[in-house]
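For reference, the structure discussed in these notes is given below.
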Amino acid sequence: MTLTANKPSISGQRKRQQDNKRQQTLVAIVLGTVFLLAIILSPLVLGESGLNTVLTQRNQPPSWAHLFGTDWLGRDMLMRSLHGLSLSLRVGLLAASVSALIGTGLGLAAGTFGGWVDAVIIWIVDVFFSLPHLVLLILIAFAVGGGTQGVIIAVALTHWTSLARVIRAEVLQVNSADYVQLAHRLGKSSLWIARHHMVPHVVPQLIVGLILLFPHAILHEAALSFIGIGLSPHLPAIGIILAESMRHLSTGYWWLGVMPGVLLLLCVKAFDWLGENLRSLLDPKTSQG
Amino acid sequence: MEARRKGQIQIKVILVFVAQKLLRLGLLLMAVAVFTFVLLSFSPIDPVQAYIGADMMQISADQQAIIAERWGLDQPLWSRFLDWLGQLLQGNMGTSLVFNQPVSVVIANRFQASLQMLAIAWFLSGFLGLTLGIVSGALAGSWVDRLVRLYAYTLASAPTFWVALLLLIAFAVSWKIAPICCAAPPGVLSQNVTFWQHLHHLLLPAITLSIIGIANIALHTRQKLIEVMQSDYVLFALAQGESLWNIVRYHGFRNILLPAITLQFASLSELFGGSVLVEQVFAYPGLGQATVQAALRSDIPLLVGIVFFSALFVYTGNTLADLAYPVIDPRIRLRGQAHS
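Taken in order, these protein sequences are the chains called A and B.
Here our numbering is used: the first residue of the first sequence is 2, the next is one more, and so on.
Here our numbering is used: the first residue of the second sequence is 48, the next is one more, and so on.
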């Protein structure tokens, strides 16, 4: 009697908890996406307002009128930070996407062809890991001539390694699975197997891998611009804004460096958050619980 | 007799190990050489222009051609590569254009300045990271754990140069307890710098690097310890009434030390990259700042030299980690002897 009475209520409760967890994840994904889209699109919406030189309002600390304060030319730092971040995010997104394409291509090739193709790709990955990432970035950015193009190429060429490893492992694992072996025996073509067995496994890895690449790409873009090898000083990327603030540090204008950095930190965290939540939604182990 | 044979075997094992490591290092440096050479020879930078710089207008096309011929730029790619490699093998890395000294001398001097900073940062981050990781892993779910995790996750996504900037603002500008730049007080000759002045200038960059380095090792140690705490032997020890700290000491510590050490040696690569940014912010005249100088002022010989040196540095770190295993874990020691 008690058993039959209890059973539905327990499973009902469990169902509700699942829904909550799933809803929380979905809400997190939506919030993260909205926040990042808002920053990327903010220059389009806000236009050039606040970027003009207002010499009467120079070097003002943060207040309600200027949340991030103003710089030595009286420009609003919140506006400058938003413009800079939007530029940095777009550069980072482009570079990371190219990098993800390279990583997927090489990972798929290494996993499917095996043999010497695999050996060569793994060797390239090892060589990349044997140099400090920042030194590699500086070398490539320098060699291709610097500037915006230099940053994009450097970031794109150096971030694919871990994704290639993940995809390769995934392909190898699926390839050795019983159902794939069975499909081979049943005479299915390689293309059919790739289409029906590989793609459903690799695509979620790719999406999550791509999103988790963004924060690295953006941080490295900012670092390169900060040391002066990246975007030109005329393009106010976030790294340039922070580098400029260095010159005004000793005068005590702390907000020039602190506030844009906080916004950059929030963006990186938002990408991390988005990636983790998307992973738990797409991963069959966690998507149901 | 038995002891002597054992000693001989051990020497053989060590020799094989060293030979393997040197061979791998040779292959790696060769790969880096090919990669760097191909990258730089396809780059749009004109070496003659990079060498002459602003005086390019005063040099006629004929003179440029003479310089190019003197440098062998008219030769095919592979013969230039062999020439360059031959010089490199003889230990000639060229002359730095920025510092007007042989590249090897510049790297040696600069690395000496960076080494102390890197060493302090490395030990500090290893020690603090391990400690924080153990505490938060043992007390998983408590407020201490949450605090450590918040710290680690925030620092993991914070830009290195921005953290350096924050510390500079706080300690050097606002509280004025740390110097604002450089490796010595202004106006003091380098041979007259006292030990305390030296340490004073070294400490803030080193602390910045270690603050960032802590995050990774703390998170990994925490994860590893939680895995250990969920094992059967820990459950058994708990059932026998063993206290939490004894379990961490006898079961946890031994199992997390090896991965932690691997990670800490592997982090040398990131430490090197971090030092480039931190030295830039603190204007500390080390190897990291020289890297930026070389790239900004087109000093190709120095940049290539630093690329090689950093590969060597990272490789040394990984080799040291390999060497540390048998010292720490008796099981690996025994297995190594069984193989021979």
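For each residue, glycine too, the CB sits at the ideal point set by N, CA and C.
Just so you know, these numbers come straight off a predicted model, no measurement behind them.
How long is the line joining the alpha carbons of residue i and residue j, rounded to whole angstroms?
i      : j      : result
W125/B : S233/A : 35 angstroms
M276/B : N263/B : 20 angstroms
H84/A  : Q137/B : 51 angstroms
I303/B : I258/B : 21 angstroms
A39/A  : L47/A  : 11 angstroms
H386/B : A78/B  : Here H386/B scores only 49 on pLDDT, less than 50, and its place in the model should not be relied on; the value that follows carries that caveat. Distance between the alpha carbons of H386/B and A78/B: 31 angstroms.
E289/B : Y280/B : 11 angstroms
I141/A : G147/A : 8 angstroms
I168/A : T71/A  : 46 angstroms
G188/B : Y198/B : 15 angstroms
T214/B : L251/B : Sequence inspection shows Leu at residue 214/B; the Thr mentioned does not correspond to that position. Their backbone Cα atoms lie some 8 angstroms apart in a straight line.
K189/A : V200/A : 15 angstroms
F158/B : V60/B  : 32 angstroms
L283/A : Q206/A : 9 angstroms
M260/A : F69/A  : 6 angstroms
N60/A  : I139/A : 33 angstroms
V145/A : V145/B : 20 angstroms
T309/B : N156/B : 29 angstroms
A342/B : L137/A : 11 angstroms
G115/A : L187/A : 22 angstroms
R196/A : V204/A : 11 angstroms
R91/A  : V55/A  : 28 angstroms
G352/B : L135/B : 10 angstroms
G320/B : H134/A : 7 angstroms
Q58/A  : A337/B : 39 angstroms
A253/B : M164/B : 5 angstroms
I216/B : V339/B : 22 angstroms
S316/B : F360/B : 8 angstroms
Chain B beta carbons: is any one of them nearer than 8 angstroms to that of residue i?
i      : result
V31/A  : no
L83/A  : no
K270/A : yes
A195/A : no
P205/A : no
V128/A : yes
A157/A : no
Please name the residue in the options whose C-alpha comes closest to that of residue i.
i      : options                        : result
N53/A  : P44/A, L74/A, A66/A, H67/A     : L74/A
F128/B : S88/B, F146/B, V153/B          : S88/B
A230/B : Y331/B, R157/B, L370/B, V65/B  : Y331/B
W209/B : L86/A, H221/A, G262/A          : G262/A
I167/B : A203/B, L177/B, T142/B, L249/B : L249/B
I228/A : A178/A, R196/A, L107/A, L243/A : L243/A
F129/A : A195/A, T113/A, V156/A         : V156/A
S98/A  : V118/A, S87/A, L158/A, L132/A  : L158/A
L95/A  : L45/A, A184/A, V152/A          : V152/A
A80/B  : I114/B, Q105/B, K68/B, G133/B  : G133/B
I113/B : V95/B, W190/B, P226/B, L162/B  : V95/B
T142/B : L70/B, S345/B, L171/B          : S345/B
R77/A  : W124/A, V172/A, S87/A, S64/A   : Position check: residue 77/A holds Asp in this sequence, whereas Arg was assumed. Taking only the C-alpha atoms, the option nearest D77/A is S64/A.
A371/B : F312/B, I347/B, S357/B, F355/B : F312/B
So is residue i buried or exposed if we call it buried at 16+ other beta carbons inside 10 Å?
i      : result
S226/A : buried
Y254/A : buried
E49/A  : exposed
Q24/A  : exposed
P62/A  : exposed
R380/B : exposed
S191/A : exposed
A108/B : exposed
T255/B : buried
H235/A : exposed
V153/B : buried
E326/B : buried
I239/A : buried
So with Cβ pairs under 8 angstroms, would you call residue i a contact of chain A?
i      : result
F208/B : yes
I216/B : yes
P91/B  : yes
I264/B : no
Q327/B : yes
F146/B : no
T142/B : no
V153/B : no
Report task. Please list the residues of the region 248–262 of chain A that have a C-beta atom closer than 9 angstroms to any C-beta atom in chain B, keeping them in chain order. Result -> L250, S251, T252, G253, W255, G258, V259, P261, G262
Query raised in the report: Given a limit of 9 angstroms on CB to CB distance, which residues of the region 25–49 of chain A reach chain B?
Result: For the region 25–49 of chain A, which is checked against every Cβ of chain B, not one residue is closer than 9 angstroms.
Query - Residues in the region 225–237 of chain A having any Cβ partner in chain B nearer than 8 angstroms - result: F227, I228, G229, I230
Report task. Residues of the region 137–149 of chain A with a CB closer than 9 angstroms to any CB of chain B: list them in chain order, please. Result -> L137, L138, I139, L140, I141, A142, F143, A144, V145, G146, G147
Report task. Could you list the residues in the region 332–347 of chain B with a C-beta less than 7 angstroms from some C-beta on chain A, going in chain order? Result -> T338, V339, A342, L343
**Report entry** Residues in the region 178–209 of chain B having any Cβ partner in chain A nearer than 9 angstroms
**Finding:** Y200, T201, A203, S204, A205, P206, T207, F208, W209
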